[in-house]
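Colleague: Would you mind keeping the following structure in view while I ask a few things?
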Amino acid sequence: MLTTDKVTIKFGGLTAVNAVSLHIAPNKITSLIGPNGAGKTTFFNCISGVYKPNSGRVIFNEKEIQGKKPYQINEEGISRTYQIINLFRKMNVLENVVVGMHPRLKSGYLSDMFRTPAQRKEERSAFRKAHEWLEFVGLEEDALNPAASLSYGKQRLLEIVRGLASDPKLILLDEPAAGMNSKEKGELDILLKKILDLGVTILVIEHDMKLVMGVSDYIYVLSNGLLLAQGTPMEVQNNPDVITAYLGGE
Ligand SMILES: Nc1ncnc2c1ncn2[C@@H]1O[C@H](COP(=O)(O)OP(=O)(O)O)[C@@H](O)[C@H]1O
Ligand SMILES: [Mg+2]
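Letter by letter, the sequence shown follows residues 2 to 251 in the working numbering.
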């Protein structure tokens with residue numbers, strides 16, 4: 002579904018992502034792991050159009066997408082969440098999901114979107130759909146609360162469902178479990194599988210090894226911008242290079 006071919010990006014003298022080539026198979030959960038500073042988020046930024054790689058190609062469903070703008074990549078069918086939560090904090094939960102359906106809308110002013118009667122009809126249907134999405138992640142009771150009032154774990158769920166609202170084929174999740182308690186993490190496991198059942202492929206950056214090893218079909222390991230290892234959870238766990246990278250010693 003997604004292939005990166007020697008994707009490279011440099012910041013000054015630092016090669017944050019160094020010739021990373023990987024394949025994301027459809028209808029699977031692929032994880033990207035590695036120590037802090039390995040280049041994982043930067044790699045997501047290269048795929049999602051936040052950064053333009055210095056070299057290399059990003060091929061999504063047989064089409065080159067590197068260098069496109071984030072909203073264009075979203076329209077191609079790739080959605081993402083952010084490591085640092087990036088919601089419209091003053092808007093309510095439901096409105097955040099509606100905004101997710103309209104990737105071009107940067108301002109977050111919903112009233113600008115729905116001016117004519119035809120648009121108002123569309124608005125009602127958008128809000129109905131948004132309600133269904135909230136039910137999907139169990140946030141329906143928070144629909145009218147400001148996004149900022151939610152617990153950290155619920156804000157993560159809202160980011161995920163806002164990403165899903167544009168009906169992507171692939172969703173990139175950047176540390177979805179960060180800040181979640183253990184109960185929420187357990188439920189995230191189930192949610193990821195429910196997302197797969199919708200026909201959405203998942204690429205996830207995650208530090209929680211129990212979650213990663215439990216849900217991943219395949220794992221890539223980044224270290225210092227380089228692809229260090231790849232394989233099934235079992236293969237990666239037993240790879241001495243991976244153990245060294247994580248423990249930082251011999
Ligand atoms: N916009 C930027 N300008 C300069 N350096 C950056 C920028 N974004 C990321 N980096 C650097 O790139 C490296 C990889 O960062 P990041 O992708 O956030 O790592 P990870 O997500 O694996 O923890 C780090 O050394 C970070 O400081
Ligand atoms: Mg990161």
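Think of the CB as a built atom: it goes at the ideal place given N, C-alpha and C, for glycine as much as any other residue.
This one's a predicted model, so the numbers in the text were calculated from it and none came from an experiment.
Taking 8 Å as the limit between beta carbons, can you name the residues of its chain near residue 2, skipping five residues before and five after?
Modeller: Same-chain partners within the cutoff: 25, 26, 27, 61, 62, 170, 171 and 202.
Colleague: Helix, strand or coil for residue 208 per DSSP?
Modeller: Residue 208 falls in the coil class under three-state DSSP.
Colleague: In chain order, what residues have a CB nearer than 7 Å to some heavy atom of ligand 2?
Modeller: Spelled out in chain order, the answer is 41, 42, 84, 175, 176 and 206.
Colleague: The beta strand (DSSP E) that contains residue 81, what's its start and end?
Modeller: Start and end: 79 to 81.
Colleague: Report yes or no: do the region 75 to 87 and the region 40 to 52 share at least 3 C-beta pairs separated by less than 8 Å?
Modeller: Yes: at least three Cβ pairs fall under 8 Å.
Colleague: Give a single yes or no on whether residue 37 has its beta carbon closer than 6 Å to a heavy atom of ligand 1.
Modeller: Checking every heavy atom of ligand 1 against the Cβ of residue 37, one is found closer than 6 Å.
Colleague: If contact is defined by three or more beta carbon pairs under 8 Å, each pair taking one atom from either stretch, is the region 6 to 22 in contact with the region 190 to 205?
Modeller: At 8 Å Cβ cutoff, the stretches do not touch.
Colleague: With a 10 Å radius around its C-beta and 16 neighbouring C-beta atoms as the bar for buried, classify residue 42 as buried or exposed.
Modeller: Under this definition residue 42 is a buried residue.
Colleague: What would DSSP say about residue 117, mapped onto helix, strand or coil?
Modeller: Looking at residue 117 - three-state DSSP - the assignment turns out to be coil, as it is neither helix nor strand.
Colleague: Quick one: is residue 171 near chain B, going by C-beta distance under 7 Å?
Modeller: Absent here is chain B; the protein component of the structure consists of one chain.
Colleague: So for residue 246, helix, strand or coil by DSSP?
Modeller: Residue 246 falls in the helix class under three-state DSSP.
Colleague: Under three-state DSSP, which class holds residue 63?
Modeller: Note: residue 63 maps to coil in three-state DSSP.
Colleague: Could you tell me whether any non-hydrogen atom of ligand 1 is closer than 6 Å to the CB of residue 178?
Modeller: Checking every heavy atom of ligand 1 against the Cβ of residue 178, none is found closer than 6 Å.
Colleague: So, residue 143 versus residue 178, is the Cβ gap smaller than 7 Å?
Modeller: No, Cβ-Cβ distance for residue 143 and residue 178 is not below 7 Å.
Colleague: Helix, strand or coil: how does DSSP classify residue 230 here?
Modeller: Three-state result, residue 230: strand.
Colleague: Below 7 Å CB to CB, which residues in the same chain sit around residue 108 once its five sequence neighbours on both sides are set aside?
Modeller: Below a pLDDT of 50, predicted positions are generally treated as unreliable, and residue 108, at 45, falls in that range; the measurement from the model is reported next regardless. Taken in chain order, the list of residues that qualify is empty.
Colleague: Is residue 145 buried or exposed, if buried means 16 or more other CB atoms sit within 10 Å of its CB?
Modeller: Exposed, since its Cβ has fewer than 16 Cβ neighbours within 10 Å.
Colleague: Looking at residue 168: is its Cβ nearer than 7 Å to the Cβ of residue 30?
Modeller: No, Cβ-Cβ distance for residue 168 and residue 30 is not below 7 Å.
Colleague: Going residue by residue through the region 146 to 180, where are the continuous alpha helix (DSSP H) segments of at least 4 residues, counting only ones entirely within it?
Modeller: Here the runs fully enclosed are 153 to 165.
Colleague: Check whether the Cβ of residue 230 sits closer than 6 Å to any heavy atom of ligand 1, and report yes or no.
Modeller: No.
Colleague: Leaving out five residues before and five after residue 91 in sequence, what residues of the same chain have Cβ atoms less than 8 Å from its Cβ?
Modeller: Contacts found: 147, 148 and 149.
Colleague: Excluding the 5 residues preceding and the 5 following residue 45 in the sequence, name in chain order all residues of the same chain whose CB lies nearer than 6 Å to its CB.
Modeller: Only 173 and 175 meet the Cβ criterion.
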